[in-house]
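Report on the following structure.
This is how it looks when you write it as C-alpha cells:
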C-alpha cells in the first residue's frame, strides 16, 4: 500500500471562507466529579492561523490540545477539524510535546521516520529520503546517525519538530515545545518555526507561558482564564509575515506584548492562587 | 581495553591477598586438610580429578543455561501479558510473588516426582528460581513508558502490536537485563539445588550439586573446595556474559551502559 496522503493540501492558505478549518463549540471537560477544567469554550480557527493559547496554570491549555488531538474526549461540546471528529482527523495532525519525546534507542534519522513508519504510507527508501530532507530542513543533516542523548536540548527539539512535520500535517498541536529551553535557543527556534510554516503552511495551536513568544509567532493570541478554563480575551496580532527577529524590538510589538500581559494580569485577581486542578 | 586490564588489577590483587592469607593460615595453625585444605591442595585436587570436575561443570552449566533461557522466554511472555492491563496485573501479580516466596527446596522433590530424575527436572528448578526477577523487572519496564510517547503512538493510530514492538519492548530492555543479571547468578544456584535432589541416583553423571554432596560424604574436602570454586566461577561467567550482552545491545543509547563505560 503506497498511497501518498493529501498531496494537494498545502496550497490553500486562506481556506474555504464559508467554513473554518477547525471549530470548537461549547467544549466542556471535567474528570469524574472533579471541578470543570474547561467550560463552554468555543473558538473558530481558520486555515493557516497560528493560535497561541496562554493563561495561568489550571486554565486547561494542555487539556484543550489533547481534546483536539482526540487523546481525551470532551464531557460535552464538539470539535470539528475539516468536518471530521478529532479521532478521524488524526492523520491531519501532529503533536509536539514539551519534551522532545524521542525514542532513545533510535538514531535521529530513525526517530524522524517514526511517524511515517507507523502510518505505513511510504516504502522504506522513500521514508528515509523524506526523513533526511526534513532533517536538513531543521539544520540537522549532519547528525542523522547520532543518538538523542548526544544532542543538546535545542537540537532534540528540532528533531521532534522534524518528526512532526514528516507526516505532512495540516494542523500542528504544540504543548509548550520550547518551555524547557534557554531564551536564545527559544528565540532562534521561534524564527525557524515561522520559516517552516512559510514553507509548509500548516495551521497551529500553540500552548506557551511566554507572552513575547506568543505574540511573535501568532496570528491570534487567546488568553484563557482558569477554574474553569474559558476564553478570557482574543487578541489579533496584525504583523505581516515573514516576521524577522528585529520585530521583537519594534514598539508596536512591545505594545502588543504589553496588552497581552495586561490581559493576563486581569486574571490574577483574588480568586487565583488555589490548588491546581 | 587497557582500562579494563588496569581496573581488573584491583580485584585480582585482593584475590592474591586472600589466597596468601588462606595458605598462611593453614600452615600457621596446622589445620588438618579434611577441615580446611590449603589452596595448593585444592588446585591439585582439581587438576588430578579434572575429568570429573569438567563433567560436573558441563552438566551443571547445561542445566543452568537451559533453565535460564527457558525462564527468560517464559518471563518475557508473562511480562507482556501482565503489561496488557492493570486488571490483569492486580489478578496475577500476587501469584508471581509466590514464585519468589515458595522455597524451591520444598518443591524440588515434587518436581522430581513429576518429571523424573535427571536434566529435565533440574532445568525446571532453575527456571522456577530465575523466573521472578525477570517477570518483575520486565513488567516494570513495559509499564513505565512515558505517557507522551504513548500519546505520540496513539496520534499515529499505532496498533497494539506496534506499540509493543516499537515502544514497550525496547523501552523495557534495560529492565529486562537487570532481571537477567540477577537470574544469571541464581541459575547456577538453581542447578545446584536441583541436582541436589534430582540427579543423586545417577552416580558419576551428576553435576556440581551432586558432586559436592558426594565429596562431602567422602570427606574429600580439597575436591569439595575445587567444586565450590568451579560453581562460583560458573556463576560469574554467566553473570559477565549477560553484562556483555547488555553492553552490546544498550551502550549506544542507554544511560546506565553509558555510565559503566565512563566510570
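Residue numbers (my numbering), protein chains in the order written: chain A, 145 to 421; chain B, 34 to 296. Don't be surprised by glycine CBs; every beta carbon is placed ideally from N, CA and C.
Is the closest heavy atom of the ligand ATP to the C-beta of residue i under 6 Å?
i, result
"residue 156(B)", "This structure lacks the ligand ATP, and indeed carries no ligand of any kind."
Starting from residue i and walking both ways along the alpha helix (DSSP H), at which residues does that stretch end?
i, result
"residue 35(B)", "35-61"
"residue 80(B)", "72-81"
"residue 298(B)", "Since the displayed chain B opens at 34 and closes at 296, residue 298(B) lies outside it and no answer follows."
"residue 217(A)", "No alpha helix (DSSP H) holds residue 217(A); DSSP gives it neither H nor E."
"residue 407(A)", "395-411"
"residue 244(B)", "241-250"
"residue 279(A)", "268-281"
What three-state label does DSSP hand residue i in the structure shown?
i, result
"residue 185(A)", "strand"
"residue 204(A)", "coil"
"residue 319(A)", "strand"
"residue 180(A)", "strand"
"residue 64(B)", "coil"
"residue 296(A)", "coil"
"residue 241(A)", "coil"
"residue 196(A)", "strand"
With 7 Å as the threshold, decide whether the Cβ of residue i is near any Cβ in chain B.
i, result
"residue 262(A)", "yes"
"residue 349(A)", "no"
"residue 322(A)", "no"
"residue 291(A)", "yes"
"residue 230(A)", "no"
"residue 352(A)", "no"
"residue 249(A)", "yes"
"residue 259(A)", "yes"
"residue 215(A)", "yes"
"residue 245(A)", "yes"
"residue 272(A)", "no"
"residue 234(A)", "yes"
"residue 239(A)", "yes"
Taking 7 Å as the threshold (beta carbon to beta carbon), is residue i in contact with chain A?
i, result
"residue 195(B)", "yes"
"residue 191(B)", "yes"
"residue 285(B)", "yes"
"residue 203(B)", "yes"
"residue 162(B)", "no"
"residue 185(B)", "yes"
"residue 181(B)", "yes"
"residue 146(B)", "no"
"residue 280(B)", "no"
"residue 61(B)", "no"
"residue 188(B)", "yes"
Would you give the residue range spanned by the beta strand (DSSP E) that residue i belongs to?
i, result
"residue 254(A)", "Element bounds for residue 254(A): not the beta strand (DSSP E) but the alpha helix (DSSP H), 252-263."
"residue 167(A)", "166-174"
"residue 225(A)", "220-225"
What is the C-beta distance between residue i and residue j, in whole angstroms, given that I count them as a contact (C-beta under 8 Å)?
i, j, result
"residue 308(A)", "residue 240(A)", "5 Å"
"residue 190(B)", "residue 339(A)", "Residue 190(B) to residue 339(A), Cβ: 29 Å. No contact."
"residue 371(A)", "residue 199(A)", "At roughly 11 Å, the Cβ-Cβ gap does not stay under 8 Å, so residue 371(A) and residue 199(A) are not in contact."
"residue 223(B)", "residue 158(B)", "5 Å"
"residue 381(A)", "residue 364(A)", "6 Å"
"residue 207(B)", "residue 174(B)", "7 Å"
"residue 97(B)", "residue 271(B)", "7 Å"
"residue 221(A)", "residue 170(A)", "4 Å"
"residue 348(A)", "residue 316(A)", "5 Å"
"residue 198(B)", "residue 264(B)", "Not really, about 38 Å apart at Cβ, beyond 8 Å."
"residue 204(A)", "residue 182(A)", "4 Å"
"residue 254(B)", "residue 119(B)", "The pair is not a contact, with the Cβ atoms about 54 Å apart (cut-off 8 Å)."
"residue 404(A)", "residue 379(A)", "6 Å"
"residue 376(A)", "residue 411(A)", "6 Å"
"residue 242(A)", "residue 310(A)", "At roughly 20 Å, the Cβ-Cβ gap does not stay under 8 Å, so residue 242(A) and residue 310(A) are not in contact."
"residue 298(B)", "residue 104(B)", "Any property of residue 298(B) remains undetermined from this structure, which presents chain B solely from 34 to 296."
"residue 59(B)", "residue 138(B)", "Not confirmed; about 32 Å, so no contact."
"residue 172(A)", "residue 230(A)", "Actually they are not in contact, since the Cβ atoms of residue 172(A) and residue 230(A) sit about 15 Å apart, beyond 8 Å."
Can you list, in chain order, the stretches of the alpha helix (DSSP H) that have 4 or more residues and sit fully within the segment 160-206 of chain B? Counting only runs of 4 or more, we get 180-188, 193-196.
List, from N- to C-terminal side, the beta strand (DSSP E) runs of 3 residues or more that fit wholly inside the segment 339-390 of chain A. 347-351, 364-369, 374-380
Would you mind listing the alpha helix (DSSP H) stretches within the segment 124-150 of chain B that are 4+ residues and don't spill past its ends, in chain order? 137-148
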